[in-house]
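One point on numbering: in the working numbering, the residue at position 133 of the sequence shown is 134, and numbering is uninterrupted. Ideal Cβ positions, reconstructed from N, Cα and C, are used throughout, including at glycine. Following: one structure in structure tokens, then a few remarks.
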Amino acid sequence: MTAHAAPETGQRSLAGTKRLLVSIHDVGPRSEGAVDRLRDLLSRHVPEDRQALLVVPDHWAEAPLVPGSPFAARLRGWAETGADIFVHGWFHKDLATHDGFGARLKAQHMTAGEGEFLGLDHSTALDRMERGRALIEGITGRAVTGFIAPAWLYGDGAKQALGDAGFALAEDHWKVWQPASGRVLVRGPVLTWASRSRARIASSLFAARALAPVLSASKVARIGVHPGDVGVPAILASIDRSVGRLMRSHVPSRYRDLAA
């Protein structure tokens, strides 16, 4: 589906305007069909060039992003339209051993074994960040917008590596910031959904309703969707309602507009 044309939103016109940031996570060859469905759904409200794409270079070491492939050509096309492209980990799979209780709790309960950057040391995290950026920028011919860790989880090594890697932007559950300076650009929760179990589906649907007034009042509202969402009609309906509601008060924007 092609989004209806929307007027260009310049930096000056965005000043003082509430903004909506929408992102699609886990973009890669293995999720291509689901990503297409999510883009179609979001395009009912948000132009495609305002939908950020979080790209996984080799999802679970089973779906490598290959330069010259049909999917790589699609990714380049999305970047050429102006969409924000983020490096989203490397494997999107947590293979690290977690020493602290807090880290183990996050790894076990906040994500289904996909908090890849939660337990990595500095050198390993930096290597994966730099390789991911080189691969994606080589395909798109454009600088990536930033880095977002799988499940929004960062260990100390990953946080240090972010600054060393020189990414312009990073994001977690509660903020968007500039790694080099530590400057926080956005504070507040990101609305997302979980589809792994009936209990998680129910809790995320409740959270979407409960967060509605918070996001409506926020200067910058963020929504993140995942390929697994397409398998749950109730989640798709909730995404549609949530985005449609925020479009009444917010202007769909790009992440890279924040730094300006």
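C-alpha gap between residue i and residue j, whole angstroms
i: I240; j: D157; result: 32 Å
i: L119; j: R132; result: 18 Å
i: P151; j: S198; result: 19 Å
i: V1; j: A203; result: In the structure displayed, the chain extends from 2 to 261; residue 1 sits before or after that span and is not available.
i: T82; j: V231; result: 24 Å
i: K220; j: I236; result: 25 Å
i: E1; j: S70; result: Not covered by the structure: residue 1. The range shown for the chain is 2 to 261.
i: I149; j: F87; result: 7 Å
i: L163; j: A144; result: 16 Å
Sub-7 Å separation of residue i and residue j beta-carbons
i: R223; j: V185; result: no
i: T18; j: V252; result: yes
i: W91; j: P68; result: no
i: G29; j: H60; result: yes
i: T146; j: R257; result: yes
i: A169; j: W178; result: no
i: L42; j: H89; result: no
i: L206; j: A166; result: no
i: A209; j: R201; result: no
Cβ shell of residue i (< 8 Å), same chain only, five flanking positions each side left out
i: L212; result: P190 and L192
i: R40; result: M2, I25, E49 and Q52
i: P65; result: P30, P58 and D59
i: A73; result: L66, V67 and I140
i: R75; result: E33
DSSP state of residue i mapped onto helix, strand, coil
i: W79; result: helix
i: K176; result: strand
i: L154; result: coil
i: I202; result: helix
i: D230; result: helix
i: G225; result: strand
i: R188; result: strand
i: I86; result: strand
i: F207; result: helix
i: F148; result: strand
i: A171; result: strand
Beta-carbon proximity list for residue i, same chain, < 7 Å, skipping 5 on both sides
i: D122; result: G158
i: L136; result: P58 and L66
Proximal residues to residue i (C-beta, below 6 Å), its chain only, five neighbours per side dropped
i: A80; result: I86, T141 and R143
Scan the region 13-70 and note each continuous beta strand (DSSP E) run of 3 residues or more that stays entirely inside, going in chain order.
-> 20-28 and 52-56
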